[in-house]
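Residue numbers (the numbering used here): 124 to 441.
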């Protein structure tokens, strides 16, 4: 990786982030709901199955740490997305989120193809912070073809009837195909693809990508987070300039419209790639030339309709 280039780009982004932070404090600034935050504590006796991005030391991801980093950028609310596949950690993140009214929702981790899914879901959903689950492995391969797992449709129908959301990550062509199969099988389920701009195509995959995007754009209950916009590309380069990402953002916004996109910061999985300030700054810059209504939809309004969270603090919109 070209260190000089990274230093230059990082300095420019830091200046832009400072400007965004100052702007967020001005009257009329659009409040932000961060729809993608992780919480975990590797210091626990049992540790944690996920402790942050590869190549970085284990992260300590607690509400008070995120709060200090996020609030100065204009973030007034956040949704925690589970980074652990341990059943008991669903309760752990619910308790952590409940401790700070900055957090307006929790997306837990359960397996919808398991017989005990409905029991666990209803148990956790008694907490009003519980807004859905994150699950990606919805398919098996049979004869070289993707097919939905046995039992998965019944579980996802139960999720949809509970008026809860399915988050899916991390984007790949098979995952987009899986999402397409889910939206066809359970059309009333709200499906959210996390980190959509991070999926880089190649000349060999471009046509398949375009076809899947075109199909998913026709599913009204398919939504996406324009998160991980700043990411390490296929060549290992991290570019924090909006110019490097504008074309992809324009394509996704054009295909899915202003009503189906949301902001996500991806902290602390973003450590070493982009700070919260950089993520906010980049997207404020992107929406600066668009109608305020579109920016409000992206930064907070769509999240209220998709996740149906309830405000917990006076400065939260909705």
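Every residue, glycine too, gets a C-beta built ideally from N, C-alpha and C.
Contact check, residue i vs residue j, beta carbons under 7 Å
{"i": "residue 350", "j": "residue 159", "result": "yes"}
{"i": "residue 409", "j": "residue 375", "result": "no"}
{"i": "residue 378", "j": "residue 340", "result": "yes"}
{"i": "residue 202", "j": "residue 175", "result": "no"}
{"i": "residue 165", "j": "residue 171", "result": "yes"}
{"i": "residue 322", "j": "residue 294", "result": "yes"}
{"i": "residue 169", "j": "residue 391", "result": "no"}
{"i": "residue 399", "j": "residue 388", "result": "yes"}
{"i": "residue 291", "j": "residue 259", "result": "yes"}
{"i": "residue 430", "j": "residue 167", "result": "no"}
Residues bridged to residue i (per DSSP)
{"i": "residue 265", "result": "268"}
{"i": "residue 349", "result": "386"}
{"i": "residue 257", "result": "290"}
{"i": "residue 198", "result": "155"}
{"i": "residue 305", "result": "According to DSSP, which records beta bridges pairwise, residue 305 is partnered with nothing at all."}
{"i": "residue 441", "result": "None; residue 441 has no bridge partner."}
{"i": "residue 227", "result": "Residue 227 pairs with nothing; no bridge assigned."}
{"i": "residue 361", "result": "355"}
{"i": "residue 316", "result": "291 and 347"}
{"i": "residue 204", "result": "230"}
Chain-order list of residues whose beta-carbon lies under 6 Å from that of residue i (same chain, five-residue window excluded)
{"i": "residue 397", "result": "353"}
{"i": "residue 219", "result": "162 and 186"}
{"i": "residue 301", "result": "261 and 262"}
{"i": "residue 269", "result": "262 and 300"}
{"i": "residue 236", "result": "272, 274, 275 and 278"}
{"i": "residue 243", "result": "233"}
{"i": "residue 331", "result": "296"}
Cα-Cα separation between residue i and residue j, rounded to whole angstroms
{"i": "residue 424", "j": "residue 407", "result": "15 Å"}
{"i": "residue 146", "j": "residue 156", "result": "Its pLDDT being 40, under 50, residue 146 is placed unreliably by the model, and the measurement read from it follows with that caveat. Roughly 16 Å separates the two Cα atoms."}
{"i": "residue 233", "j": "residue 153", "result": "34 Å"}
{"i": "residue 439", "j": "residue 327", "result": "44 Å"}
{"i": "residue 360", "j": "residue 241", "result": "43 Å"}
{"i": "residue 288", "j": "residue 346", "result": "10 Å"}
{"i": "residue 434", "j": "residue 216", "result": "18 Å"}
{"i": "residue 367", "j": "residue 319", "result": "15 Å"}
{"i": "residue 178", "j": "residue 207", "result": "19 Å"}
{"i": "residue 437", "j": "residue 317", "result": "28 Å"}
{"i": "residue 150", "j": "residue 200", "result": "Legend: pLDDT at residue 150 = 47, less than 50; position of this residue unreliable, no value from coordinates given."}
{"i": "residue 274", "j": "residue 210", "result": "19 Å"}
{"i": "residue 370", "j": "residue 239", "result": "44 Å"}
{"i": "residue 441", "j": "residue 267", "result": "46 Å"}
{"i": "residue 336", "j": "residue 198", "result": "29 Å"}
{"i": "residue 194", "j": "residue 264", "result": "44 Å"}
{"i": "residue 362", "j": "residue 221", "result": "36 Å"}
{"i": "residue 416", "j": "residue 428", "result": "15 Å"}
Own chain residues within Cβ distance below 7 Å of residue i, not counting five before or after
{"i": "residue 448", "result": "As displayed, the chain neither begins before 124 nor continues past 441, which places residue 448 out of reach and without an answer."}
{"i": "residue 276", "result": "308 and 309"}
{"i": "residue 205", "result": "212, 213, 216, 230, 231, 232 and 257"}
{"i": "residue 418", "result": "153 and 410"}
{"i": "residue 395", "result": "176, 178 and 179"}
Residues near residue i by beta carbon distance below 8 Å, same chain, minus five either side
{"i": "residue 421", "result": "349, 381, 384, 385, 386, 406 and 410"}
{"i": "residue 223", "result": "186, 187 and 190"}
{"i": "residue 357", "result": "323 and 325"}
{"i": "residue 344", "result": "306, 310, 311, 312, 313 and 314"}
Residue i beta carbon near the ligand ADP (any heavy atom closer than 6 Å)
{"i": "residue 394", "result": "Although the ligand ADP was asked about, the structure shown includes no ligands whatsoever."}
> Can you list the beta strand (DSSP E) stretches of 3 or more residues lying completely in the stretch 150-189, in chain order?
Replying inline: Segments of the beta strand (DSSP E) lying fully in the stretch 150-189: 155-160.
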